[in-house]
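Residue numbers (the numbering used here): 4 to 161.
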Amino acid sequence: MIIRRVRFDHPDALKLNDEVQAEYHLRYGDGGDATALGLTDFDPPRGVYLIAYDEDDHPVATGGWRSQDHNDEGNADGDAELKRMFVIDRMRGRGLARRILAELEEDARTAGRLRMVLETGTKQPEAVALYTSSGYEPCTKFGYYRHHAESLCFAKQL
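Quick look at the structure:
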């Protein structure tokens, strides 16, 4: 497995983003994650976007973090917000999400971020299991979905 850093507008990132949005729509029936993401949100040193490729160079997993500081959506200074964690169906259960998560945490720590935060939902139990088993704990809700009943927010000190 090869993990590469790419821009958020890379063709493989766009392809996987479409797939994760379709999955969110299937689970929640709302058209996908409506959180605003800019094309430069994941550009170093204020973020990073990763894609894992299989042995045939097909994109199979993704994830990124972007810097957040104190704002009116509940973030705190020094936050790194995890976004677009996703593994395609045929590659699930192989530890790819955990590998990407660890690399994202290390990158955010190196960039001087203090806390990794994420928002997931009640209809994503496998995501909740990954994050809680990786040391994330429930935190005050933040972000676009902070007022939604199905929203779950987690944080981990870096």
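Heads up, the beta-carbon is just placed ideally off N, CA and C, and yes, glycines get one too.
**Message:** Using the three-state DSSP reduction, which class does I54 fall into: helix, strand or coil?
**Reply:** Strand.
**Request:** Going by DSSP, name the residue or residues bridged to G66.
**Result:** L53.
**Request:** Would you grab the beta carbon distance between A55 and L104 for me? Rounded to a whole angstrom, and I think it's under 8 Å.
**Result:** So it is not a contact: roughly 11 Å between Cβ atoms.
**Message:** Residues in the same chain with beta-carbon distance under 6 Å from Q160, minus the five sequence neighbours each way, listed in chain order, please.
**Reply:** Closer than 6 Å at the Cβ level, and outside the excluded window around Q160, lie R118.
**Prompt:** Can you give the Cα-Cα distance for F89 and H151, rounded to whole angstroms?
**Reply:** The alpha-carbon of F89 is positioned some 22 Å away from that of H151.
**Prompt:** In chain order, what residues of the same chain lie with their CB nearer than 8 Å to the CB of E140, ignoring the 5 residues before and after it?
**Reply:** Answer for E140: F157, A158 and K159, listed in chain order.
**Request:** Spatial neighbours of A114 within its chain, please: CB distance less than 6 Å, with the 5 preceding and 5 following residues excluded, ordered by chain position.
**Result:** Correct list, in chain order: P48.
**M94 - DSSP class collapsed to helix/strand/coil** = Helix, per DSSP.
**Which of helix, strand or coil DSSP assigns to N122** = What sits at residue 122 in the sequence shown is Glu, not Asn. Reduced to three states, the DSSP call for E122 is strand.
**Message:** My output table needs one value for R30: the three-state DSSP class, helix, strand or coil.
**Reply:** Under the three-state reduction of DSSP, R30 is assigned to helix.
**Prompt:** Does any residue of chain D bring its CB to less than 8 Å from the CB of V9?
**Reply:** The question asks about chain D, but that chain is absent: this structure has only one protein chain.
**Message:** Considering only heavy atoms of the ligand HEM, does any lie closer than 7 Å to the CB of R30?
**Reply:** With respect to the ligand HEM, the structure shown offers nothing to examine, as it has no ligands at all.
**Request:** Identify whether E140 lies in helix, strand or coil by the three-state DSSP scheme.
**Result:** Strand, per DSSP.
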